[in-house]
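Worksheet for the structure shown next.
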Amino acid sequence: MSTDTRRSYLAAAIHAAGHPVTTEQAVQLLDGSPWATGRNTIRKQLGGLAKAGVLTSKTVKGRRVYVLSSTGDAR
Numbered sequence: 034m035s036t037d038t039r040r041s042y043l044a045a046a047i048h049a050a051g052h053p054v055t056t057e058q059a060v061q062l063l064d065g066s067p068w069a070t071g072r073n074t075i076r077k078q079l080g081g082l083a084k085a086g087v088l089t090s091k092t093v094k095g096r097r098v099y100v101l102s103s104t105g106d107a108r
């Protein structure tokens, strides 16, 4: 899995985390990386990954979480 873009890096970080992540957790996953950024940008990146089929969004306990899609390709 290539990590040369923010989205691919984010998908790899979510994969490494091994559990569904919220937007805030995604921000924390990228903290300290070359791709660290604010919440709004991460929200757009998560949405883009979901639209591309890499992630699936679900609502758990009233909060939106993102998980890797079983059919998605993070490249």
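Okay, so the sequence shown: first residue is 34 according to our numbering, each after it adds one. Glycine included, every Cβ here is placed at the ideal spot set by N, Cα and C. As the structure is a computational prediction, the values presented were derived from the model and not from experiment.
Cross-strand partners of residue i (DSSP beta bridge)
i	result
K91	V98
Reference residue i, options the options, closest by Cα
i	options	result
A69	A50, Y42, L82	Y42
R76	G65, G86, V98	V98
Q61	G81, R72, V87	R72
Buried versus exposed call for residue i [16 or more other C-beta atoms within 10 Å across all chains shown]
i	result
R96	exposed
V93	exposed
Any C-beta of chain B under 8 Å from that of residue i
i	result
V98	The structure shown has no chain B; it contains just one protein chain.
Residue i: CB within 7 Å of a non-hydrogen atom of the ligand COA
i	result
N73	Summarising the ligand content, the structure contains no ligands, and the ligand COA is consequently not present.
Residue i: first and last residue of the uninterrupted alpha helix (DSSP H) it sits in
i	result
A44	39-50
V54	Element bounds for V54: n/a, residue is neither H nor E.
G81	72-84
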